[in-house]
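Residue numbers (my numbering), protein chains in the order written: chain A, 41 to 312; chain B, 4 to 153.
Okay, structure coming up:
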């Protein structure tokens, strides 16, 4: 079906449609410079981004996300909470202890007996091990420590697990990924599986890979997490978003991250 | 056999959905026989569709241009998720265009295209629940507009 539609569109464009079709950002799967951003058929949102946005991400000095990495780095060795501990007191050098950790979340946590995002896991260490207040969703410190921890896995391929105790969460995530919702009556899969590479108004649809989170979004003028982006995609179709860290939003993050297995951690990425 | 049963079931669902709509615009009461046969789908209102307003709805509230290239040059940024609608009026008759807009899932279950006149949608944003995307008259206006694209 999709092929027929594509063919129809190509024919329409070739036939000289009244409205000019926007030029897409360059991408060539065979060009080795894109190798870090693809895995088989999977493509990072980087390959759908405008050249200026990519350039911003590529340079640590122009990438605004590094302000959060720097802030998180300071937090890592700062004592907080009644236990009088810093992350560093238990975890030592983050470059070693946190390396690869960002590639396996959302993950089933035996202590919580639940699926946790990386941000939730960090808050668990704060409340249970540091006796500190949990950081508030989307606050500067919340995003900073998560970006710092995630950045320690930069360039490593995602490898979230979907079996064992994760299986029921994964099944639920898949169900929600394929469920129609909102006034537009569409599912995640319609935009990110069926029509990536096509345009919805000015938006070039990507495969919806969350491998760059937490990421800086030009539209937000700030950095945010995958939980926030997924809620944004609900708004996009005029659907009622699920609450942050709800079971539904977390299993959706799991399913979306599993789709990105094999793609590399880009945090902090920069997107439109 | 299988398909006619599915059709009947769909028709029943749609009939319930449509019956539940409170509309400002006048509407015909009982759908006649064959109402849900695509080629015979009757108008949703008694008032004739207004193509000028239909063109406006297609470019704005209906979001048609976010997925379709349409001969509406003053509106920038047409999408290409769906086919170009230039000439659609010679490819399809009004009843089929109407069905396409009211509930395209009847024609293609897995389509990305919204159902513009269905009120039992899943998890609609608070404040918009129970409302169809477009009113019955807006659907008729868009059908009238598309019919002019020859």
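Here a beta-carbon is modelled for each residue, glycine too, at the ideal position from N, C-alpha and C.
For clarity, every value in this text was computed on a predicted model and none was experimentally measured.
In the DSSP assignment, no residue is bridged to residue 166 of chain A.
The beta carbon of residue 242 of chain A falls within 8 Å of a beta carbon belonging to chain B, placing the residue at that interface. In its chain, beyond the 5 residues on either side, 146, 155, 157 have a beta carbon closer than 7 Å to the beta carbon of residue 290 of chain A.
If the five residues before and after residue 220 of chain A are omitted, its C-beta is found closer than 7 Å to the C-beta atoms of 226, 227, all from its own chain and listed in chain order. Between the region 236–246 of chain A and the region 67–84 of chain B, the count of C-beta pairs closer than 8 Å reaches three or more; the two stretches touch. In the displayed model, residue 103 of chain A falls within coil according to three-state DSSP, outside both helix and strand. An exposed status is given to residue 55 of chain B, since fewer than 16 other beta-carbon atoms sit within 10 Å of its beta-carbon.
With respect to chain B, the C-beta atom of residue 225 of chain A has a partner C-beta closer than 8 Å. Residue 304 of chain A is not a Cβ neighbour of residue 72 of chain A, given a cutoff of 8 Å. Within chain B, 84, 115 have C-beta atoms less than 8 Å from the C-beta of residue 235 of chain A, given in sequence order.
Along the region 62–82 of chain B, going in chain order, the ones with a CB nearer than 9 Å to a CB of chain A are 66, 68, 69, 70, 72, 73, 74, 75, 76, 78, 79, 80, 81, 82. Taking 9 Å as the cut-off between beta carbons, none of the residues of the region 73–84 of chain A comes near chain B. In the displayed model, residue 59 of chain B falls within a helix according to three-state DSSP. In the displayed model, residue 131 of chain B falls within coil according to three-state DSSP, outside both helix and strand.
Within chain A, the C-beta atoms nearer than 8 Å to that of residue 129 of chain B come from 280, in chain order. Taking a C-beta cut-off of 9 Å against chain B, none of the residues of the region 137–151 of chain A qualify. For residue 255 of chain A, the enclosing beta strand (DSSP E) starts and ends at 255–257.
By the neighbour-count criterion, in which a residue is buried when 16 or more other Cβ atoms sit within 10 angstroms of its Cβ, residue 71 of chain B is buried. Interface annotation, residue 221 of chain A: in contact with chain B, CB-CB separation under 8 Å. Within chain A, the residues 221, 222, 279, 280 have their CB atoms less than 7 Å from the CB of residue 126 of chain B, given in chain order. Your pair residue 190 of chain A and residue 307 of chain A checks out as a contact, with CB atoms roughly 4 Å apart and the cut at 8 Å.
In terms of beta-carbon proximity, residue 232 of chain A stays away from the interface with chain B, with every pair separated by 8 Å or more.
Three or more Cβ pairs closer than 8 Å define a contact, and the region 77–85 of chain A falls short of that threshold against the region 99–113 of chain A. Looking only at A:217, A:224, A:185, A:216, the smallest Cα-Cα distance to residue 253 of chain A is reached by A:185. Proximity of chain B to residue 238 of chain A at the Cβ level (cut-off 8 Å) is accounted for by 82, 83, 84, in chain order. Closest in C-alpha terms to residue 152 of chain B, from the list B:58, B:63, B:132, comes B:58. Taking 8 Å as the CB threshold, residue 122 of chain B stays off the interface with chain A. In this structure the region 174–181 of chain A touches the region 264–279 of chain A; the number of beta carbon pairs closer than 8 Å is three or more. Neighbours of residue 118 of chain B in chain A, taken as residues at a C-beta separation under 7 Å, are given in chain order as 225.
In this structure residue 65 of chain B does not touch residue 147 of chain B by the C-beta definition: roughly 13 Å separates them, more than the 8 Å allowed. By the C-beta density criterion, residue 67 of chain B is buried, having at least 16 other C-beta atoms within 10 angstroms. Sixteen is the threshold: when 16 or more other Cβ atoms of the shown chains lie within 10 Å of the Cβ of residue 117 of chain B, as they do, the residue is buried. Secondary structure at residue 65 of chain B: coil, using DSSP grouped into helix, strand and coil.
A Cβ-Cβ contact shorter than 8 Å links residue 47 of chain B with residue 139 of chain B. Residue 271 of chain A: member of the alpha helix (DSSP H) spanning 266–276, first to last residue. When the five nearest sequence neighbours on each side are left out, the beta carbons in the same chain lying within less than 8 Å of the beta carbon of residue 93 of chain A are those of 258, 310, 311, 312, in order along the chain.
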